[in-house]
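Note that full-length UniProt numbering numbers the sequence shown so that position 218 is 218, with each residue one more than the last. For each residue, glycine too, the CB sits at the ideal point set by N, CA and C.
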Amino acid sequence: MAPLTKKGAKKAAPAKVPKAAPKKAALKKASPAPKASAEPIEAKETNAESEAKETLVPKPVVSRKRSRSQEPEALPAAKKLKLGPTINTPPVERLDVYVFGGGENNELGLGAQKIDGKSPSNVKRPRYNPFLKADGGPLGRDTSSYEAPAKDIDADSDSEDEDEITLNPVESTPTAINTEFLEGRKVVQVLASDSASFVLTADGYVYGWGSFVGNDGIIGFTAEGAAKAAKEKDGDAKKKLQIQTEPILISGLKNIKTLARGSNHILALDKKGTVFTWGAHEQNQLGRRVSDRFRFAALAPTQVLKNCKSIAAGAYHSFAINNKDQVVSWGLNNYGQTGIATNAGGDDAIISNPTVVKSFEGFNVAQIKGCLHHTIACTKDQQVIDQDNLIISSTTSKPAILKTPTMVPGITATFVSGAIDNSIAIAEDGKVWAWGYSENYRTGLGTDDTIWTPTAVENTAIKGKKMSFAGCGGQFSVLAGPEVELTNGA
Numbered sequence: 001m002a003p004l005t006k007k008g009a010k011k012a013a014p015a016k017v018p019k020a021a022p023k024k025a026a027l028k029k030a031s032p033a034p035k036a037s038a039e040p041i042e043a044k045e046t047n048a049e050s051e052a053k054e055t056l057v058p059k060p061v062v063s064r065k066r067s068r069s070q071e072p073e074a075l076p077a078a079k080k081l082k083l084g085p086t087i088n089t090p091p092v093e094r095l096d097v098y099v100f101g102g103g104e105n106n107e108l109g110l111g112a113q114k115i116d117g118k119s120p121s122n123v124k125r126p127r128y129n130p131f132l133k134a135d136g137g138p139l140g141r142d143t144s145s146y147e148a149p150a151k152d153i154d155a156d157s158d159s160e161d162e163d164e165i166t167l168n169p170v171e172s173t174p175t176a177i178n179t180e181f182l183e184g185r186k187v188v189q190v191l192a193s194d195s196a197s198f199v200l201t202a203d204g205y206v207y208g209w210g211s212f213v214g215n216d217g218i219i220g221f222t223a224e225g226a227a228k229a230a231k232e233k234d235g236d237a238k239k240k241l242q243i244q245t246e247p248i249l250i251s252g253l254k255n256i257k258t259l260a261r262g263s264n265h266i267l268a269l270d271k272k273g274t275v276f277t278w279g280a281h282e283q284n285q286l287g288r289r290v291s292d293r294f295r296f297a298a299l300a301p302t303q304v305l306k307n308c309k310s311i312a313a314g315a316y317h318s319f320a321i322n323n324k325d326q327v328v329s330w331g332l333n334n335y336g337q338t339g340i341a342t343n344a345g346g347d348d349a350i351i352s353n354p355t356v357v358k359s360f361e362g363f364n365v366a367q368i369k370g371c372l373h374h375t376i377a378c379t380k381d382q383q384v385i386d387q388d389n390l391i392i393s394s395t396t397s398k399p400a401i402l403k404t405p406t407m408v409p410g411i412t413a414t415f416v417s418g419a420i421d422n423s424i425a426i427a428e429d430g431k432v433w434a435w436g437y438s439e440n441y442r443t444g445l446g447t448d449d450t451i452w453t454p455t456a457v458e459n460t461a462i463k464g465k466k467m468s469f470a471g472c473g474g475q476f477s478v479l480a481g482p483e484v485e486l487t488n489g490a
């Protein structure tokens, strides 16, 4: 199907989210922050060194008995978190990863230099990422002997982008994370939000690092650290308390089956079907009341729902599917993204508490993905449901808010994803469809024009390959499929 574009039509830049778009706070590198929250695996800190060295000058009378305050505390043996039974099966299938989009913030992971004459940024169509090949190493790849690829001068004329490349080579090149903190555990899921990262282990524990950012800037990573930072006047000391630079165990969580993330909030689902939320709360994306007096309690995982079997999140809204196959949602609703018509489209439209989405009844939703202004889902019979204002614009010639879920005609899918006004769907046969706002080439269709209807994503890099995963960021997207013989495309 050829893309139905409106060449030269003014692109509708994503509208600002009222009271939702947190101010971007520069997360400067800081020395490792204290591991906040009382966690069973941490050993207590010792006092200062034992009493000062004895003087060589004899004293008339010296008591050889130390006071209690002078006695150095014995350092207790470090407690290790025992490995629990495996409740999550680690993935074993190796996948090839393909990226496309802007890449100005190093998010494509293609390094900082051209490879085969191709720029590592402004990638118009899916391109194989050679740095993510699963060939061993701590996280499935060995980067111990990595050397940045030399610039191919002879291939410069074939480059898609003749501009000087100014990417940070450290940030733009995928690098394995030291996994000692896992103490032998296997990772089954990884998440990256706007300012924090999380991993889920096979025995159901969650580790994380980074920080949460709210409307007024950095909030912190743990409730304890944020509370201490609020009292700290020194800027550097405050940052150390707010930003977790090394992975720590997220206390209060165990037997977790899956995670979901928004821009600055996280959901966790345990094996009993209990849903926990934590992070930024200003748009009610946590589904629980957080008072100003105890605002840092938002950073502590807290139960909000029971009897659920799956979870999902958008930038500032959240979803769960309960054991009755009902879709439940809460959070920001200024574009009707929760699927609830109440106040949809209003500047301050918010669904404060988890609420059953009546408009999803009868669809038998298998997977749901929240985005910034819309939500996309697929059903068990592979129908695609969208609440994207672009879906109806091809017939009305202007964007409009869809207050209820609407079937996407012409395609089927078993996996869906989306981000800032763009969507991707993967069919059972591995074929990829994309549509929506295409600035920075985030749809992978080789254009920055808005794509009004689902259009097949095809190029030499993914030709004949079956995709099984799609992920969308702000200005870029990622595809992945079973590992096959390499063919690099444009």
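Beta-bridge partners of residue i, as assigned by DSSP
i	result
N422	G436
H373	DSSP lists no partner for H373.
R127	V99
K118	I115
H317	G331
residue 491	No answer is possible for residue 491: it lies beyond the span of the chain, which begins at 1 and ends at 490.
T455	A434
S310	I321
Exposed unless 16 or more other CB atoms sit within 10 angstroms - verdict on residue i
i	result
A480	buried
A470	buried
P352	The question names Pro, but residue 352 is Ser in the sequence shown. That one is exposed.
P126	buried
P40	At P40, the pLDDT of 36 sits below 50, so the modelled position is not reliable and the matter cannot be decided from this model.
P454	buried
E107	buried
R185	buried
R289	exposed
L390	With a pLDDT of only 48 at L390, under 50, the local geometry of the prediction cannot be trusted, and no value is derived from it.
K238	buried
I129	Here residue 129 is Asn; the residue named in the question, Ile, does not match the sequence. Buried, by the Cβ-count rule.
K233	exposed
G473	buried
Range covered by the beta strand (DSSP E) that runs through residue i
i	result
S477	F476 to P482
V170	Looking at the DSSP string, V170 is not in any beta strand (DSSP E); the run it does join, the alpha helix (DSSP H), is P169 to S172.
G204	G204 -> no beta strand (DSSP E), and no H or E assigned at all.
G331	V327 to L332
L259	I256 to R261
K240	Element bounds for K240: not the beta strand (DSSP E) but the alpha helix (DSSP H), G235 to Q242.
G336	Looking at the DSSP string, G336 is not in any beta strand (DSSP E), and its letter there is neither H nor E.
V356	I350 to V356
Among the options, the one whose alpha carbon lies nearest that of residue i
i	options	result
I340	Q383, H317, S291 and K403	K403
F181	P174, L83 and K114	L83
G101	L95, R94 and L110	L110
N422	E428, R289, Y441 and V304	Y441
I266	P354, T379, S197 and D236	S197
L269	G418, N88, K239 and N459	N88
I462	A377, K358, F296 and W433	W433
S251	E224, N264, G235 and S263	E224
Q382	I256, L81, I426 and P169	I426
K231	F296, T375 and D325	F296
A456	P120, T443 and T450	T443
F294	A226, P405 and V408	A226
R94	F476, S468, S477 and G473	S468
G331	G117, W209, G279 and L200	G279
I218	V188, L299, V199 and T179	L299
N333	Q326, N105, D325 and G345	G345
F476	T460, G436, K466 and N459	G436
G208	T179, D234, D236 and D216	T179
V92	V188, N122, I115 and V99	V188
N-terminal and C-terminal residue of the alpha helix (DSSP H) that residue i is part of
i	result
K231	A223 to K231
C-beta atoms of residue i and residue j nearer than 8 Å
i	j	result
P85	D203	yes
A192	A260	no
N323	G362	no
F319	G370	yes
S211	I243	yes
G336	Q283	no
I411	G418	no
S195	N264	yes
residue 491	E183	Absent from the model: residue 491. The displayed extent of the chain is 1 to 490, so no value can be given.
A229	N168	no
V327	I385	no
G314	G262	yes
L253	F276	yes
Cβ-heavy atom distance, residue i to the ligand COA, below 7 Å
i	result
T179	What this structure holds is no ligand at all, so the ligand COA is not there to describe.
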